[in-house]
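Please read the structure below before turning to the comments.
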Amino acid sequence: MQVSMKLSLRDAPGNLVAALSPISATGGNIKAVIHEHVPDAQGNVVVNVVVEIPPHQIQALKDAFAENGITIMLLGEERLVCQETVILIGHLIHNDLGDTIDRVDKTGFAEITHMTIAMPRIEISSSAQLVVQATGEAELAQAINILREVAQTKGFLMITPLEGAT
Amino acid sequence: MKSQVRIAVIGLGAVGRGVVTTLERMQREEDSPFIISAISDSKSALIAQDGIDVAAMLARKAENGMCGDPALHSKDIVKDAPYDILVEASPTDVLSAEPATEYIKTALSRGAHVVTSNKGPIALYYQELSALAREHAVSLRYEATVAGAIPILHVLEHDLTGNKIHALYGILNGTCNYILTRMSEEGLTYLQALEEARKLGYAEADPSADVKGTDAATKVVILANTIFGKSISLNDMSITGIDNITDDALRLAAGHDSTIRLIGEIIPEKNIYRVSPHILPKSHPLVVNGSLNAITIKTDLAGDLTFIGKGAGSLETTSAIISDIFYIVKHTR
Chain R
1 MQVSMKLSLR DAPGNLVAAL SPISATGGNI KAVIHEHVPD AQGNVVVNVV
51 VEIPPHQIQA LKDAFAENGI TIMLLGEERL VCQETVILIG HLIHNDLGDT
101 IDRVDKTGFA EITHMTIAMP RIEISSSAQL VVQATGEAEL AQAINILREV
151 AQTKGFLMIT PLEGAT
Chain H
167 MKSQVRIAVI GLGAVGRGVV TTLERMQREE DSPFIISAIS DSKSALIAQD
217 GIDVAAMLAR KAENGMCGDP ALHSKDIVKD APYDILVEAS PTDVLSAEPA
267 TEYIKTALSR GAHVVTSNKG PIALYYQELS ALAREHAVSL RYEATVAGAI
317 PILHVLEHDL TGNKIHALYG ILNGTCNYIL TRMSEEGLTY LQALEEARKL
367 GYAEADPSAD VKGTDAATKV VILANTIFGK SISLNDMSIT GIDNITDDAL
417 RLAAGHDSTI RLIGEIIPEK NIYRVSPHIL PKSHPLVVNG SLNAITIKTD
467 LAGDLTFIGK GAGSLETTSA IISDIFYIVK HTR
């Protein structure tokens, strides 16, 4: 999962590197670092970092920061950071549309966050464009697979973006 | 190869006709080494050791529907006529691959080179046929079977030597591409676009091989087995066609500057061989319009390469066959 953190550390040479080193040590991957190099009255600077890290390692990272004398001013989870748009064609409404959406939403790591649906006539297939968002690349792939299975069971045609096309 | 190259042409449909007239023109204008020593159509055949008078033959065909002697058959030509290269363009059912496969085997066993435009024999029996060609030290060429005028097999086999091919994505069926283009651009329904494709001659009376993705999948099988050294058949592939795509779906995609195209995919590292519709940004190089074909190859050294061209048609297929004939002449001593 992706988390964003606001850290406060002493404005001294080498401190930034020291501050960031626990991230990789705990299995995290730094996605972004914003260093505001204007010390406050106490001589501390604020660093914003965005880290991709397994959820169970977050506590270890917090402990490592505390040991190094770094204060975490703010910690927020950036949840649904990856997204893909897919199209479903078929009798979507009459095959429990709520269930189709639920199957992704109830994973906890992915949600269908947007849907546009066209229903021309009752006997004609509906077409829907769904935006699937997830907490990471692997989770997104998993959510798409779940949707693919649902589509197969319910006889929908699912059209996905071409992998590696962009 | 000796100075004079004798060519027998099986089949005088749009493709065979394109080949004989092109060879005849080349001989007349460029003093080429080719002579057409035998020709057959579905009702008759003709043999002439010193070369057939193509204009007279075509005039005869226009008059009575036969190119030569009704007592002679294509199989007689393949078995007994004098030739160095057999151009095999017979009307052949893609599922049974006959009679083309039998003709190709006979010619190779005689020690003659073969150029074919028929997909069936290559998709179904490539390993057997290429082994037979090796055994008799002759060439079997089939550039016309995939993406018409685009020389994709030659590019993959020769021009990208040393590159690792990570993936191949292709629009390999012009009929499907025409239908999806018209649905996208004009808001036609699938059935309206199919009807239009039929009227223009892009779609057969029974369009199922095209619209259900089988034709594109056959080309994926040919590429996988001949270039990527696999041994797959249509049964090993995931194939989804375009016949359930709605005009609404194309409108929804257009709202995001995207469209839908039928794509054949080969990703050897992931063992993916499939044909299915995909969403692509309209700016993607594979998004070509009308009945065009397009192929993108992802390689380690050359990066991404995209080829666009006409996938079918008499002259486009003739282009592929003639280039195969020249390849054989250049590479045979």
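Chains as they are written, first to last, in this note's numbering: chain R, 1 to 166; chain H, 167 to 499. We put the beta carbon where it would ideally sit given N, CA and C, even for glycine. In this text, all values refer to a predicted model and were calculated from it rather than measured experimentally.
Where DSSP assigns a beta bridge to residue i, which residues make up the other side?
i: residue 6 of chain R; result: R:48 and R:74
i: residue 131 of chain R; result: R:85 and R:114
i: residue 473 of chain H; result: H:461
i: residue 217 of chain R; result: Within the shown structure, residues of chain R are numbered from 1 to 166, placing residue 217 of chain R beyond reach of any answer.
i: residue 200 of chain H; result: H:171
i: residue 485 of chain H; result: In DSSP, residue 485 of chain H forms no bridge with anything.
i: residue 32 of chain R; result: R:50
i: residue 104 of chain R; result: Answer is none; residue 104 of chain R lacks a bridge partner.
i: residue 252 of chain H; result: H:174 and H:280
i: residue 446 of chain H; result: H:425
i: residue 177 of chain R; result: Outside the displayed range of chain R (1 to 166) lies residue 177 of chain R, so it cannot be described from this structure.
Residues of chain R with a CB under 7 angstroms from the CB of residue i: which are they?
i: residue 501 of chain H; result: With chain H running from 167 to 499 in the structure shown, residue 501 of chain H is simply not present.
i: residue 412 of chain H; result: 89, 125 and 127
i: residue 335 of chain H; result: 162
i: residue 443 of chain H; result: 159
Are residue i and residue j close, meaning C-beta to C-beta below 9 angstroms?
i: residue 449 of chain H; j: residue 423 of chain H; result: yes
i: residue 377 of chain H; j: residue 431 of chain H; result: no
i: residue 288 of chain H; j: residue 391 of chain H; result: yes
i: residue 460 of chain H; j: residue 474 of chain H; result: yes
i: residue 154 of chain R; j: residue 95 of chain R; result: yes
i: residue 76 of chain R; j: residue 4 of chain R; result: yes
i: residue 462 of chain H; j: residue 335 of chain H; result: yes
i: residue 198 of chain H; j: residue 217 of chain H; result: no
i: residue 472 of chain H; j: residue 452 of chain H; result: yes
i: residue 436 of chain H; j: residue 331 of chain H; result: no
i: residue 337 of chain H; j: residue 454 of chain H; result: yes
i: residue 176 of chain H; j: residue 206 of chain H; result: yes
i: residue 133 of chain R; j: residue 80 of chain R; result: yes
In angstroms with no decimal places, state the Cα-to-Cα distance between residue i and residue j.
i: residue 246 of chain H; j: residue 215 of chain H; result: 12 angstroms
i: residue 31 of chain R; j: residue 22 of chain R; result: 14 angstroms
i: residue 347 of chain H; j: residue 91 of chain R; result: 25 angstroms
i: residue 229 of chain H; j: residue 480 of chain H; result: 22 angstroms
i: residue 120 of chain R; j: residue 414 of chain H; result: 8 angstroms
i: residue 45 of chain R; j: residue 17 of chain R; result: 13 angstroms
i: residue 166 of chain R; j: residue 37 of chain R; result: At residue 166 of chain R the pLDDT is 46, less than 50, meaning the model places this residue with poor confidence and gives no usable figure here.
i: residue 8 of chain R; j: residue 137 of chain R; result: 30 angstroms
i: residue 492 of chain H; j: residue 267 of chain H; result: 22 angstroms
i: residue 126 of chain R; j: residue 409 of chain H; result: 14 angstroms
i: residue 112 of chain R; j: residue 131 of chain R; result: 6 angstroms
i: residue 140 of chain R; j: residue 53 of chain R; result: 16 angstroms
i: residue 315 of chain H; j: residue 187 of chain H; result: 17 angstroms
i: residue 123 of chain H; j: residue 483 of chain H; result: Because chain H spans 167 through 499 in this model, residue 123 of chain H falls outside it and cannot be assessed.
i: residue 98 of chain R; j: residue 151 of chain R; result: 13 angstroms
i: residue 263 of chain H; j: residue 384 of chain H; result: 12 angstroms
i: residue 352 of chain H; j: residue 86 of chain R; result: 22 angstroms
i: residue 159 of chain R; j: residue 89 of chain R; result: 8 angstroms
i: residue 209 of chain H; j: residue 341 of chain H; result: 30 angstroms
i: residue 179 of chain H; j: residue 256 of chain H; result: 8 angstroms
i: residue 406 of chain H; j: residue 418 of chain H; result: 20 angstroms
i: residue 2 of chain R; j: residue 439 of chain H; result: 34 angstroms
i: residue 305 of chain H; j: residue 349 of chain H; result: 43 angstroms
i: residue 429 of chain H; j: residue 295 of chain H; result: 28 angstroms
i: residue 15 of chain R; j: residue 58 of chain R; result: 21 angstroms
i: residue 240 of chain H; j: residue 182 of chain H; result: 13 angstroms
i: residue 272 of chain H; j: residue 280 of chain H; result: 10 angstroms
i: residue 195 of chain H; j: residue 129 of chain R; result: 58 angstroms
i: residue 301 of chain H; j: residue 213 of chain H; result: 27 angstroms
Note down, in chain order, every chain H residue with its Cβ under 9 angstroms from the Cβ of residue i.
i: residue 147 of chain R; result: Neighbours of residue 147 of chain R on chain H: none; closest Cβ ~14 angstroms, over 9 angstroms.
i: residue 26 of chain R; result: In chain order: nothing, as chain H lies at least about 31 angstroms away.
i: residue 120 of chain R; result: 412, 413 and 414
i: residue 116 of chain R; result: 418 and 421
Quick one: list the residues of chain R neighbouring residue i, beta-carbon separation under 9 angstroms, in chain order.
i: residue 419 of chain H; result: 85, 87, 129 and 159
i: residue 422 of chain H; result: 85 and 129
Using a C-beta to C-beta distance shorter than 8 angstroms, which residues of chain R count as neighbours of residue i?
i: residue 429 of chain H; result: 162
Q.
In chain order, what are the residue ranges of uninterrupted alpha helix (DSSP H) at least 4 long that sit wholly in the stretch 261-347 of chain H?
A. 266-275 and 285-301
Q | Secondary structure, alpha helix (DSSP H): runs of 4+ residues fully inside the stretch 210-246 of chain H | A | 220-230 and 240-246
**Q.** beta strand (DSSP E) runs contained entirely in the stretch 130-161 of chain R, provided each spans 3 or more residues
**A.** 157-161
Q. Counting only runs that start and end within the stretch 358-386 of chain H, where is the alpha helix (DSSP H) found for 4 or more residues in a row?
A. 374-377
Q: Could you name each continuous beta strand (DSSP E) segment of 3 residues or more that falls completely within the stretch 392-439 of chain H, going from the start of the chain to the end?
A: 424-433
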